[in-house]
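Quick note, the sequences are listed as chains A and B, same order. Using my numbering, read the first sequence as starting at 160 and increasing by one per residue. Using my numbering, read the second sequence as starting at 179 and increasing by one per residue. Here the structure comes first, spelled out in structure tokens, and everything after it is commentary.
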Amino acid sequence: ETGVTQTPRHLVMGMTNKKSLKCEQHLGHNAMYWYKQSAKKPLELMFVYSLEERVENNSVPSRFSPECPNSSHLFLHLHTLQPEDSALYLCASSLGLANYNEQFFGPGTRLTVL
Amino acid sequence: DQQVKQNSPSLSVQEGRISILNCDYTNSMFDYFLWYKKYPAEGPTFLISISSIKDKNEDGRFTVFLNKSAKHLSLHIVPSQPGDSAVYFCAASAGGTSYGKLTFGQGTILTVHP
């Protein structure tokens, strides 16, 4: 695998379910990001991690819980989501926090909340 | 309040002609601007960027123009090719005040007809 991978690519879940999104980067980067893209809206930054430490939480509801066990992996744990959380969730990475202008994106997970 | 706007949701162009994609911003602290391209089922990929100290940057068929007084930038693709058909996102950052933050527009769907 090369670049940034995300699994699953598609996810359908009920409002009472708990699920997790996974992101893995094979680029040797130290910073990772979660974005949300709702229909016809811009990408919104959710979380930023640098060297496994969260440095940014962009006013995201607590039903979204990120986890960064090491610099190559980033998870987004989901619980009791709402239908309006249905969106494309994109993961990105950069060499370091200072290289935020050079982000490499994964293909995204298309999430549908019923 | 959306700080980066792409007011044209879609653009259709004939192969060989020029494509012009536009982007407006409101935050005068933005000092770096980027264009990303996104194909279906793939993540956004970096295309071209420009610093606020320049008014033009060229890379092959792609040229980005920046008009700071108008808070406007545009991406020119000449000549357009069918493989250029994708969603184009404009993004901006304010390096001196915010690390790790790219602010995106909502995207313009470009279709290049053979």
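For every residue, glycine included, the Cβ atom is placed at its ideal position computed from N, Cα and C. On a predicted model such as this, the values are computed, not experimentally measured, just so you know.
Can you tell me whether DSSP reads residue i as helix, strand or coil?
| i | result |
| --- | --- |
| L251 of chain B | strand |
| A246 of chain A | strand |
| H280 of chain B | The amino acid at residue 280 of chain B is misidentified as His; the sequence shows Leu. The answer is coil: DSSP assigns L280 of chain B none of H, G, I, E or B. |
| L270 of chain A | strand |
| L256 of chain A | helix |
Using 10 angstroms around the beta-carbon of residue i, count the other beta-carbons present and answer buried if the total reaches 16, otherwise exposed.
| i | result |
| --- | --- |
| N189 of chain A | buried |
| Y217 of chain B | exposed |
| G221 of chain B | buried |
| T286 of chain B | buried |
| L237 of chain A | buried |
| K199 of chain A | exposed |
| A248 of chain B | exposed |
| T161 of chain A | exposed |
| L210 of chain A | exposed |
| A270 of chain B | buried |
| T175 of chain A | exposed |
| A264 of chain B | buried |
| S253 of chain A | buried |
| L280 of chain B | buried |
How would you list, in chain order, the residues of chain A whose beta-carbon sits under 8 Å from the beta-carbon of residue i?
| i | result |
| --- | --- |
| Y210 of chain B | N260 |
| S247 of chain B | Neighbours of S247 of chain B on chain A: none; closest Cβ ~23 Å, over 8 Å. |
| S271 of chain B | Y259, N260 |
| S180 of chain B | Before going further, note that residue 180 of chain B is Gln rather than Ser in the sequence given. P201, listed in chain order. |
Residue i versus chain B: which residues are under 9 Å apart at the beta carbon?
| i | result |
| --- | --- |
| L249 of chain A | G221, P222 |
| V171 of chain A | Those within 9 Å of V171 of chain A in chain B number zero; the least Cβ separation is about 17 Å. |
| V163 of chain A | G221 |
Identify the contact partners of residue i in chain B, using a Cβ-Cβ distance below 8 Å as the criterion.
| i | result |
| --- | --- |
| K195 of chain A | Correct list: empty, because the minimum Cβ distance to chain B is about 11 Å. |
Please list the partners that residue i has in chain A, where partner means a Cβ-to-Cβ separation under 9 Å.
| i | result |
| --- | --- |
| K279 of chain B | L204, V207, E215, N217, Y259 |
| F282 of chain B | Y194, Q196, P201, L202, E203, L204 |
Which bits of chain B does residue i rub up against, with CB to CB less than 7 Å?
| i | result |
| --- | --- |
| G265 of chain A | G221 |
Examine the ligand NAP and report whether any of its heavy atoms sits within less than 6 Å of the Cβ of residue i.
| i | result |
| --- | --- |
| T166 of chain A | This structure simply doesn't include the ligand NAP, nor any ligand for that matter. |
At a CB-CB cut-off below 7 Å, which residues of chain A make contact with residue i?
| i | result |
| --- | --- |
| S188 of chain B | Near S188 of chain B there are no residues of chain A at all, since even the closest Cβ is about 11 Å away, more than 7 Å. |
Original post:
Unbroken beta strand (DSSP E) runs of length 3 or more, entirely within the segment 179-260 of chain B: which are they?
Top reply: 188-192, 197-203, 210-216, 223-229, 234-237, 240-245, 250-255
Original post:
At which residue ranges does the segment 199-248 of chain A contain complete beta strand (DSSP E) runs of 3 or more residues, listed in the order of the chain?
Top reply: 203-209, 212-216, 223-229, 232-238
**OP:** Please determine if the segment 168-184 of chain A and the segment 235-250 of chain A are in contact, where contact requires at least 3 C-beta pairs separated by less than 8 Å.
**Re:** yes
Original post:
Do the segment 249-267 of chain B and the segment 194-206 of chain B meet, that is, are 3 or more Cβ pairs less than 8 Å apart?
Top reply: yes
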